[in-house]
């Protein structure tokens, strides 16, 4: 779960990492008092996607009137398709230096990785490798003061600035561990009037650890209704742009199914890994999600491993009778109890395929026909 | 630093380990209200030495009058020479089972050791080895729930009792680490009306970690005035029963010096490892401590390593002139800058020895003469 | 021979009395796996499919020989179960459970390194040495003993590929599921090394997917391998920034793209199949059968 | 030969710019120790006695060869300094500092085990291989190169004994201070094993004291040693329950008594000297010189 900048900064503040004076607004009318006290100010759209600055999502103002006007503009903005609903207004800093610091996970080293660069303020992908400081963190001892001091020094800091930066880096690591974070990023970490502070902040939390999130973790939902529903069912669902609805069992095979659809000239409407759940109720709800996205045709691709083909067939037959499915459905069914499953489908007049290639070619053709209607 | 039982139980309570209802009293007059509410009660003298029960330090009462009388008796008691000043009064428990659990440090394994026994309530030294459950704890992962559950099961518990006991054991480990403890002991851990609770509690904290004790750690001083003063000087000082004052540099050589004194028929008044501090002020204060214990003679045994003999000699000469030393002092001085040190002493009419055997024989003889006076 | 697992491997099942544990214990026994014990706290003394159940791993290892443990435990308790097995001295763990918190996986791997333990998973279908033994949840029917080693990030996709191999008469020495999470124990390189050293294995199939750089790192190692490698990669059509089911299957910040992986593997001399069923064709060509 | 330390050991001094660090760097250099670098955060680029100072251990190891590090750092920062050295890959640490918190020592030892690091101390005078090199704070003048290995818990007492040896013409191969704390790195057994394996060492002197069971455990090992062992133990007259200076020197709950140690060592075939100066006499008798 990605947190909005202002939420990340709330956590920073709680953890003792200095952030600019700021407040959150959803209405232009309410900004007067804050801006009076802190002008000049920066007005920052709260969205989760990157490239907010380039999209015009950050503005500046010197007076309350000016600020209210800018807030109105921002609240009318859409960034990558999503409307801006919240604005963080902060004192505008006199920035002397911009640094980059992040803690993320290194899959290869199987542990936390600290990234830092003296070239802050730009997207980290644009920082050349020789300007990027990397340090793996051994979780058995954690990030230690000497390591944080070493990073601060290699960022070109010394004296009080180095001390403050090292302290912030240590606190970032504490947040990373205490909040089950996948990413804690400060970009830029700025030096302003001798003080080191987080001018921006990104925190991404691990969805799998939600059961132990600290009480102060907010809930952020920037998903479509269908994605929310799939999430509740424990199903992996990602919405795409095409018109062939896809349900498969297993992340790898679902991805491969999408690839095969593309290969044969089709265009998938979604990624749906329905996992091993072959129960009638689960099947019905998953199909409802698929259908609500208005695809032209559906492909169900099941390789029965743990999932038994006869169970899948039974569930589908039952659901088919209760749901009013108006589009063609192609089923590919192989694996455990394949013969029984295929027989059950056939009893109810439903064909199925053994080869994924044939099934995909069929569904692509059917979707094409659907598009012509 | 050993904590009193009631302090240990305060920490238990803070950490969520159940303890009996109780309150602390220093005056017999104040017990009425508590005893009315919780009678029958147990009255427990708060002392740091073991064997409190055998010394008559624990009593029981059914009524407030009875309790007040017992408290009066206890407040007149001395246990191992120290007067009882505080009484912990607790509800008297209906005890169904008494267990023993402790977490201590294993020097050989270099980590925490959990000890448990189904034979609680007696001194742990009296528990035969085959009835003692031992489990080393790997601090990199800490004491884990499965380990605590395993201990509870091996203590013969099951169901809810096992669950509660395991929870208490996990919390004991948390205390052990969070408070820098050398020992966290519950003896007995009792089962009373289906509840598991700490009927007694011992916590010993590591003196070297005082700088990071949690705020709630109380300060316990059960030392002689001289021991307190030595502690403030950073000198290791232990009071003994004899009449020869001893100052040496190094724990091992100080112990050996006491042994040699005994070997030659003398009796040391104290252990004092004055370490490497050869400054005049430190020397003066250390000597003042020694003299205030009224020994018949003093032995100063210095093997100069880091400590330079000339510095020791200079300091002694200066101090000797300012303090009024009424008893004979024997000095043994060897090691770094030995010749210079011996020369300085000689200039001031002070003899010194090179061999510890000779020095000890001399001081033993002088103390003997002192005793005849 | 085979890697990781053979007919002599004595297996412990942690969480044996749960639904998953019971079902797959039966499946593994049916395949011939040597399951010597199960663990389920509070249920010591019971039996599951004739396998004795113990309260704790410590208890199990004092009574039975155990070489490897397979974990069927709810995600939030997996860390504890893994620690328990490692503290008891077991040196191979197969963690089937999905949705294990990231930081728990990090902690498990750190302790495993300290204790010298090898870990398959989490979120894996397990390991099977066809005809000898399996430790995991893969279907029993699709595998065929033979000379091709298979290593995959994902389960059903590798079943798809393996069943094509088996139908084509191409048997497998061992099939290993690394697991779909961002942090897993064995990496492609770990397994490639084992296949390279295994005299029974003649060629290797690598089934990868978008996200991370595991395939790129594997490519570096493949350059020096003596045995041929055929790869298939899923996620060619996946959009960036979206997690495709697996926690690890996400193109982030321009890293982990399909193209990057195909290029790396091709440059390393591996044949990359465009479609799953082409893997067996490429293998047949290479192995000249 | 010698154990732990010889004339080729390249030494780092952590805390080199402090009073203790500066003084003992000079003393070690005077003895011939090969000190290649020092560390003092914020003071990189300076020199102490001609030794280059670096900001961090990581920086020092990239510029200089370092085989061992000696730590002169205030007690509350020792854990961090030890971690830093170990993370930088140094495999031998000598921790001079006393008053290190018990739990810090526990943490240091746990990480050392993980990283395969050997530790002398804390609260040790260090290690000296007479005539070759020293790492520590022992006086330079009292040692004599030779064939007797000495291992001790405490400093000044071992100086006392060593100076008797040297005066009697009995030289030392290596003298090791284990440290007086309850938790220290090397144990008597670790060092006895090294002396047993060291061709230069002909006999061993063990200087122990009351408290703990290190001497009893040592006795178990001594039973199987080929080389003669002479022991001296301090604390015969110490009362129970009182810490005699060293954190480890306390008779608790009837354990760690003088008698128990003397018996164990005598039973194991070691000669136990009643008085410090008898050690050299017993050695002379045994070695027939």
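Residue numbers (our numbering), protein chains in the order written: chain G, 1 to 373; chain V, 1 to 373; chain U, 1 to 289; chain B, 1 to 289. No residue lacks a Cβ here, since even glycine has one placed at the ideal position from N, Cα and C.
Under 8 Å by beta carbon: chain G residues contacting residue i
i: residue 83 of chain B; result: 141, 144 and 146
i: residue 80 of chain B; result: 144, 145 and 146
Beta-carbon contacts of residue i that lie in its chain and below 7 Å, excluding the five residues immediately before and after
i: residue 295 of chain V; result: 243, 244, 245, 269 and 327
i: residue 292 of chain V; result: 226
i: residue 262 of chain U; result: 233 and 272
Chain-ordered chain U contacts of residue i [CB-CB under 7 Å]
i: residue 404 of chain V; result: Given a span of 1 to 373 for chain V in the structure shown, any question on residue 404 of chain V remains unanswerable.
i: residue 153 of chain V; result: 55
i: residue 250 of chain G; result: 154, 155, 156 and 157
Alpha carbon of residue i to alpha carbon of residue j, nearest angstrom
i: residue 109 of chain G; j: residue 109 of chain U; result: 10 Å
i: residue 88 of chain B; j: residue 12 of chain B; result: 12 Å
i: residue 370 of chain G; j: residue 54 of chain G; result: 39 Å
i: residue 382 of chain V; j: residue 248 of chain V; result: Since the first residue of chain V shown is 1 and the last is 373, residue 382 of chain V is not available in this structure.
i: residue 132 of chain V; j: residue 206 of chain U; result: 53 Å
i: residue 129 of chain B; j: residue 197 of chain B; result: 16 Å
i: residue 151 of chain G; j: residue 302 of chain G; result: 50 Å
i: residue 228 of chain G; j: residue 59 of chain U; result: 44 Å
i: residue 224 of chain G; j: residue 5 of chain G; result: 21 Å
i: residue 350 of chain V; j: residue 81 of chain V; result: 40 Å
i: residue 199 of chain U; j: residue 120 of chain U; result: 22 Å
i: residue 188 of chain U; j: residue 219 of chain U; result: 9 Å
i: residue 3 of chain B; j: residue 176 of chain B; result: 9 Å
i: residue 329 of chain V; j: residue 307 of chain V; result: 20 Å
i: residue 179 of chain V; j: residue 209 of chain V; result: 9 Å
i: residue 189 of chain G; j: residue 135 of chain G; result: 18 Å
Cutoff 6 Å; reference residue i; Cβ partners in own chain excluding five residues on either side
i: residue 13 of chain V; result: 19
i: residue 149 of chain B; result: 173, 174, 195, 201 and 204
i: residue 46 of chain U; result: 53
i: residue 347 of chain G; result: none
i: residue 360 of chain V; result: 260, 261 and 264
i: residue 225 of chain U; result: 196
Beta-carbon proximity list for residue i, same chain, < 8 Å, skipping 5 on both sides
i: residue 21 of chain G; result: 38, 90 and 91
i: residue 25 of chain U; result: 13, 16, 35, 38, 48, 49 and 51
i: residue 207 of chain G; result: 1
i: residue 216 of chain V; result: 10, 11 and 14
Cβ-Cβ separation, residue j to residue i (assumed contact under 8 Å), whole Å
i: residue 65 of chain B; j: residue 36 of chain B; result: 6 Å
i: residue 335 of chain G; j: residue 304 of chain G; result: 3 Å
i: residue 253 of chain V; j: residue 160 of chain B; result: 6 Å
i: residue 31 of chain B; j: residue 134 of chain B; result: 5 Å
Partner residues on chain V for residue i, Cβ-Cβ distance less than 7 Å
i: residue 58 of chain U; result: 150
i: residue 114 of chain U; result: 140
i: residue 234 of chain B; result: 252, 255, 256 and 259
Closer than 9 Å at the beta carbon, the chain G residues around residue i
i: residue 111 of chain B; result: 138, 140 and 141
Per-residue contacts from residue i into chain B (C-beta, under 8 Å)
i: residue 159 of chain V; result: Correct list: empty, because the minimum Cβ distance to chain B is about 33 Å.
i: residue 206 of chain V; result: 101, 102 and 103
Contacts of residue i in chain B (Cβ-Cβ under 9 Å)
i: residue 266 of chain V; result: Under the 9 Å cutoff, chain B gives no residues; its nearest Cβ is about 10 Å from residue 266 of chain V.
Within chain V, partners of residue i - CB distance below 9 Å
i: residue 213 of chain B; result: 107 and 108
Are at least three pairs of beta-carbons, each pair with one atom in the segment 94 to 102 of chain B and one in the segment 41 to 57 of chain B, less than 8 Å apart?
No contact exists between the segment 94 to 102 of chain B and the segment 41 to 57 of chain B.
Evaluate contact between the segment 267 to 282 of chain U and the segment 164 to 179 of chain U, counting only Cβ atoms and requiring at least three cross-stretch pairs below 8 Å.
yes
Counting pairs of beta carbons, one from the segment 242 to 249 of chain U and one from the segment 229 to 243 of chain G, are three or more of them closer than 8 Å?
yes
Validate contact between the segment 101 to 116 of chain V and the segment 128 to 148 of chain V using beta carbons, cut 8 Å, 3 pairs:
These segments touch.
Pair every Cβ in the segment 256 to 269 of chain V with every Cβ in the segment 192 to 201 of chain V, then say whether three or more of these pairs are closer than 8 Å.
no
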